[in-house]
Amino acid sequence: MGANTSQLSELSESQSIRTLIGPDATPVTVVPHTHIHSEFQNNPRSGNFGALVRVFLSRTKELKISTECQDQLFIWQAHNALFLVRCLLKVFIREMSEEELHLQFSYQERAPGTYGITHKLNLFHYCTVIHFDITYNILFEAVTTLLVLLSYQLFHKEVLREGLIYGYLTRGRCLSLTSRLVKTLLYNFIRQEKCPPAAHVLQTQSDGGGLLYGLASGVASGLWSVFTLGGVGSRPGVEQDQNPLPLSSQSLLLLLVLANLTDGADCPNPYRQAFVCVLNSSSIPSPQPHTFQINFNSLYTALYEQQKSDQVTLLLYTLLHQNSNMRTYILSRTDMENLVLPILEILYHVEERNSHHVYMALIILLILTEDDTFNRSIHEVMLKNISWYTERVLTEISLGSLLILVVIRTIQFNMTRTRDKYLHTNCLAALANMSAQFRNLHQYAAQRIISLFALLSKKHNKVLEQATQSLHGPLGADDRSVLPDYAQDLNVIEEVIRMMLEIINSCLSNSLHHNPNLLYALLYKRELFEQFRSHPSFQDIMQNLDTVIGFFSQRLEQAGSDLSVERVQEVIKKGAAALPKERLKVSTGKQILLRRTGLIIHQLTASHNCHLCTHTSGVTMVKMINKGFINK
Numbered sequence: 232m233g234a235n236t237s238q239l240s241e242l243s244e245s246q247s248i249r250t251l252i253g254p255d256a257t258p259v260t261v262v263p264h265t266h267i268h269s270e271f272q273n274n275p276r277s278g279n280f281g282a283l284v285r286v287f288l289s290r291t292k293e294l295k296i297s298t299e300c301q302d303q304l305f306i307w308q309a310h311n312a313l314f315l316v317r318c319l320l321k322v323f324i325r326e327m328s329e330e331e332l333h334l335q336f337s338y339q340e341r342a343p344g345t346y347g348i349t350h351k352l353n354l355f356h357y358c359t360v361i362h363f364d365i366t367y368n369i370l371f372e373a374v375t376t377l378l379v380l381l382s383y384q385l386f387h388k389e390v391l392r393e394g395l396i397y398g399y400l401t402r403g404r405c406l407s408l409t410s411r412l413v414k415t416l417l418y419n420f421i422r423q424e425k426c427p428p429a430a431h432v433l434q435t436q437s438d439g440g441g442l443l444y445g446l447a448s449g450v451a452s453g454l455w456s457v458f459t460l461g462g463v464g465s466r467p468g469v470e471q472d473q474n475p476l477p478l479s480s481q482s483l484l485l486l487l488v489l490a491n492l493t494d495g496a497d498c499p500n501p502y503r504q505a506f507v508c509v510l511n512s513s514s515i516p517s518p519q520p521h522t523f524q525i526n527f528n529s530l531y532t533a534l535y536e537q538q539k540s541d542q543v544t545l546l547l548y549t550l551l552h553q554n555s556n557m558r559t560y561i562l563s564r565t566d567m568e569n570l571v572l573p574i575l576e577i578l579y580h581v582e583e584r585n586s587h588h589v590y591m592a593l594i595i596l597l598i599l600t601e602d603d604t605f606n607r608s609i610h611e612v613m614l615k616n617i618s619w620y621t622e623r624v625l626t627e628i629s630l631g632s633l634l635i636l637v638v639i640r641t642i643q644f645n646m647t648r649t650r651d652k653y654l655h656t657n658c659l660a661a662l663a664n665m666s667a668q669f670r671n672l673h674q675y676a677a678q679r680i681i682s683l684f685a686l687l688s689k690k691h692n693k694v695l696e697q698a699t700q701s702l703h704g705p706l707g708a709d710d711r712s713v714l715p716d717y718a719q720d721l722n723v724i725e726e727v728i729r730m731m732l733e734i735i736n737s738c739l740s741n742s743l744h745h746n747p748n749l750l751y752a753l754l755y756k757r758e759l760f761e762q763f764r765s766h767p768s769f770q771d772i773m774q775n776l777d778t779v780i781g782f783f784s785q786r787l788e789q790a791g792s793d794l795s796v797e798r799v800q801e802v803i804k805k806g807a808a809a810l811p812k813e814r815l816k817v818s819t820g821k822q823i824l825l826r827r828t829g830l831i832i833h834q835l836t837a838s839h840n841c842h843l844c845t846h847t848s849g850v851t852m853v854k855m856i857n858k859g860f861i862n863k
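Sequential numbering of the sequence shown, starting at 232, is according to the working numbering.
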């Protein structure tokens with residue numbers, strides 16, 4: 232290796248490359264156990280790894296000047312050194328403790344067992360280097376190396392709060408760079424810059440750079456092609472098509488891992504504090520620690536444009552949940568459809584998404600629907616020809632009606648497939664938050680609300696019949712154990728039915744005259760509600776429904792028989808204007824209770840079911856494993 236020069240055209244014939252990418256290849260970070268053990272024992276005395284780190288540090292001293300002068304030599308050398316450091320770190324982290332890793336950075340010519348001062352990588356400075364095409368590689372490498380250092384959590388069941396790496400990242404010199412790093416990572420995500428072409432990563436200098444430099448640049452560019460194109464012989468452009476934004480994606484992963492580190496025993500997570508305190512660039516600067524300003528408009532645009540990935544959905548959730556400034560800004564936007572539509576598309580394709588992604592999208596809707604202004608405005612935004620909604624052609628529909636359709640579809644999918652009680656509770660909580668502000672519901676949305684109630688009613692009757700049969704059947708030792716299951720199922724279904732009745736009741740008592748289509752669907756299926764009129768669990772809620780059904784049924788009878796659809800709608804509109812509002816009981820207490828329930832459920836789901844807050848680092852680390860940045 233290195234004895235002879237190589238050319239890009241020779242890469243496909245290289246035996247080393249063929250071995251590396253062949254079926255029997257050994258991963259670059261996998262070394263026989265005996266060699267690893269020897270390396271661990273000898274390196275603290277030989278100092279080879281520490282020497283490599285010092286080479287990297289010496290090259291980075293000229294990094295800023297090289298960037299300003301567009302001189303690629305030091306950048307190239309620093310990148311290669313850091314790449315080797317990262318590859319070794321992946322092996323070290325998998326095989327040794329943090330204390331042992333600490334010793335790998337140390338070297339003094341002393342007897343075995345005595346070690347010197349640790350050489351810090353201080354990668355924070357390199358993550359914030361000025362972003363040009365020539366610095367793209369080293370920025371990517373610095374971000375990825377930080378992710379590798381944080382991957383210790385993957386190899387421990389308990390949450391690491393007092394580890395050496397955790398202390399290094401949250402205290403000392405790194406603490407003062409917290410807001411700068413978070414800001415840089417956010418801007419890397421906002422820019423969404425593609426990886427520069429291989430030919431432009433390390434260009435041969437034509438103005439006297441020298442033959443040796445030109446040959447080295449060609450080989451380095453070729454190796455970059457191997458890494459970015461997925462290996463020699465693969466279809467060109469495959470990897471770029473799948474992940475054309477490696478720096479943006481890696482920066483986002485690092486950002487999420489840092490923001491979701493657990494609080495230390497004596498100090499809160501400074502990166503989460505930076506998330507909480509970030510301000511719009513047009514706001515007045517704040518003296519609070521870790522505060523910085525960023526362009527919220529650019530961030531908002533990046534959030535909705537890249538919303539297909541669960542990492543971006545998690546970033547949006549984190550900002551909405553923890554940063555009141557960003558939440559206020561998002562809710563004040565007049566183009567909310569740009570953000571809401573990608574979220575709805577995620578829920579619509581629920582069968583293609585993992586449960587974490589679905590939960591995050593649903594909880595984002597739950598947070599948004601806690602705002603009454605949002606609930607009103609979404610019914611004023613009209614949409615045309617939603618291509619991804621294939622169940623029915625919707626030539627024109629309001630954003631609010633589309634949201635209702637997608638949430639109801641998610642509930643029905645959950646009832647028939649996944650059967651997760653937390654999922655439908657969150658869905659119903661979002662509908663409950665919106666119910667008082669329902670306006671001009673699309674006829675299909677109104678039908679789906681009543682159809683969902685019909686499905687629940689049918690399921691209730693089926694479980695009730697099964698429970699009754701089990702009571703009248705012969706009771707054996709095995710039969711008694713079945714009874715509690717029926718009782719529990721019946722209790723869950725009745726709870727869901729009650730929430731549905733609350734939603735319909737809230738709409739009728741607050742905005743009856745704005746929803747003729749819902750009234751039409753309600754009257755068309757009024758027999759569904761007969762069985763719940765005398766049910767002790769629903770009598771209080773059924774009062775308004777009985778009043779509305781009775782009032783409009785009488786109006787329709789007076790209008791005659793064999794009425795057309797248009798005539799029925801006309802009677803409903805006139806009746807809605809004539810119905811005295813004092814006859815309906817506005818159950819604001821129940822509505823507030825539902826909102827609180829939804830908020831509690833969303834917090835419980837985040838911690839218990841989705842692990843959104845405390846275990847996000849684990850979720851993002853899995854993606855790093857899949858991408859090959861970490862081995863486990």
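Even glycine gets a Cβ: it sits at the ideal position worked out from N, Cα and C.
With three or more beta-carbon pairs closer than 8 Å as the criterion, would you say the segment 511-524 touches the segment 420-428?
Touching, no.
Taking just the CA atoms, how far does GLY394 sit from GLN387?
The identity of residue 387 in the sequence shown is His, whereas the question assumes Gln. The alpha-carbon atoms of HIS387 and GLY394 are separated by roughly 11 Å.
Could you name the residues of the same chain whose beta carbon sits closer than 6 Å to that of ASN748, not counting the 5 residues immediately before and after it, in chain order?
LEU672, GLN674, ALA677.
Say whether chain B places a C-beta atom closer than 7 Å to the C-beta of SER792.
Looking for chain B here will not work: only one protein chain is present.
So what does DSSP say about LEU484, is it helix, strand or coil?
helix
Would you kindly report the start and end of the unbroken alpha helix (DSSP H) that includes PRO573?
568-579
For my contact list, ILE639 and SER529 are in at a C-beta cut-off of 8 Å; report their separation, rounded to the angstrom.
Actually they are not in contact, since the Cβ atoms of ILE639 and SER529 sit about 34 Å apart, beyond 8 Å.
Do the CB positions of TYR535 and LEU570 come within less than 7 Å of each other?
yes
Where does ASN368 fall in DSSP's three states?
helix
Please determine, among LYS689, ARG764, LYS804, VAL796, the residue with the shortest C-alpha to C-alpha distance to PHE783.
LYS804
Can you give me the start and stop residues for the alpha helix (DSSP H) that ARG285 sits inside?
279-291
For LEU873, tell me which candidate among SER514, ASN526, VAL612, THR415 has the shortest Cα-Cα distance.
Past the edges of the chain, shown from 232 to 863, lies residue 873, and the structure says nothing about it.
Taking the alpha-carbon positions, what's the PHE367 to LEU417 distance?
Residue identity check: residue 367 is Tyr in the sequence provided, not Phe. If I take the Cα positions, the gap works out to 15 Å.
My output table needs one value for ASN556: the three-state DSSP class, helix, strand or coil.
Note: ASN556 maps to helix in three-state DSSP.
Can you list, in chain order, the residues of its chain whose CB lies under 7 Å from that of SER618, leaving out five sequence neighbours each side?
none
Using the Cα positions of ILE594 and LYS690, report the straight-line distance between them to the nearest angstrom.
26 Å
Taking the alpha helix (DSSP H) that GLU244 belongs to, which residues open and close that run?
Looking at the DSSP string, GLU244 is not in any alpha helix (DSSP H), and its letter there is neither H nor E.
Does the beta-carbon distance from SER666 to SER768 come in below 7 Å?
Not in contact: SER666 and SER768 (Cβ atoms no closer than 7 Å).
Helix, strand or coil for LYS821, going by three-state DSSP, please let me know.
With a pLDDT of only 42 at LYS821, under the threshold of 50, the placement of this residue in the model should not be trusted; the figure read from the coordinates follows. In this structure, LYS821 counts as helix in the three-state DSSP scheme.
Using CA coordinates, which residue listed in LYS756, ALA808, ASP720 is at the minimum distance from GLN746?
First, the amino acid is wrong: residue 746 is Asn here, not Gln. Here the closest residue by C-alpha is ALA808.
Could you round the C-beta distance between GLN643 and LEU578 to whole angstroms and report it? I think they count as a contact, below 8 Å.
At roughly 12 Å, the Cβ-Cβ gap does not stay under 8 Å, so GLN643 and LEU578 are not in contact.
Rounded C-beta distance between LEU492 and TYR560? I'm assuming under 8 Å.
Incorrect: roughly 25 Å between the Cβ atoms, too far for contact.
Ends of the alpha helix (DSSP H) at LEU794?
Where LEU794 is concerned, there is no enclosing alpha helix (DSSP H), given that its DSSP letter is neither H nor E.
Are the beta-carbon atoms of LEU545 and MET613 separated by less than 7 Å?
Going by C-beta atoms, LEU545 is not nearer than 7 Å to MET613.
Check whether the Cβ atoms of GLN481 and VAL374 lie closer than 7 Å to each other.
yes
Quick one: measure Cβ to Cβ for LEU753 and ILE724, integer angstroms, because I've assumed they're closer than 8 Å.
The pair is not a contact, with the Cβ atoms about 21 Å apart (cut-off 8 Å).
Using only alpha-carbon positions, find the residue among THR604, LEU810, LEU633, MET730 that is nearest to ASN616.
LEU633
Using the Cβ count rule (16 or more neighbours within 10 Å means buried), how would you classify ASP541?
Its Cβ being crowded by 16 or more others within 10 Å, ASP541 is buried.
Just confirm the distance between the C-beta atoms of GLN524 and ASP603, as a whole number of angstroms; I'd bet it's less than 8 Å.
Not quite, the Cβ-Cβ distance comes to about 29 Å (not below 8 Å), so this is no contact.
May I ask which residues mark the beginning and end of the alpha helix (DSSP H) holding SER632?
630-644
Do you know whose CA, among TYR620, TYR653, MET327, LYS539, lies nearest LEU597's CA?
TYR653
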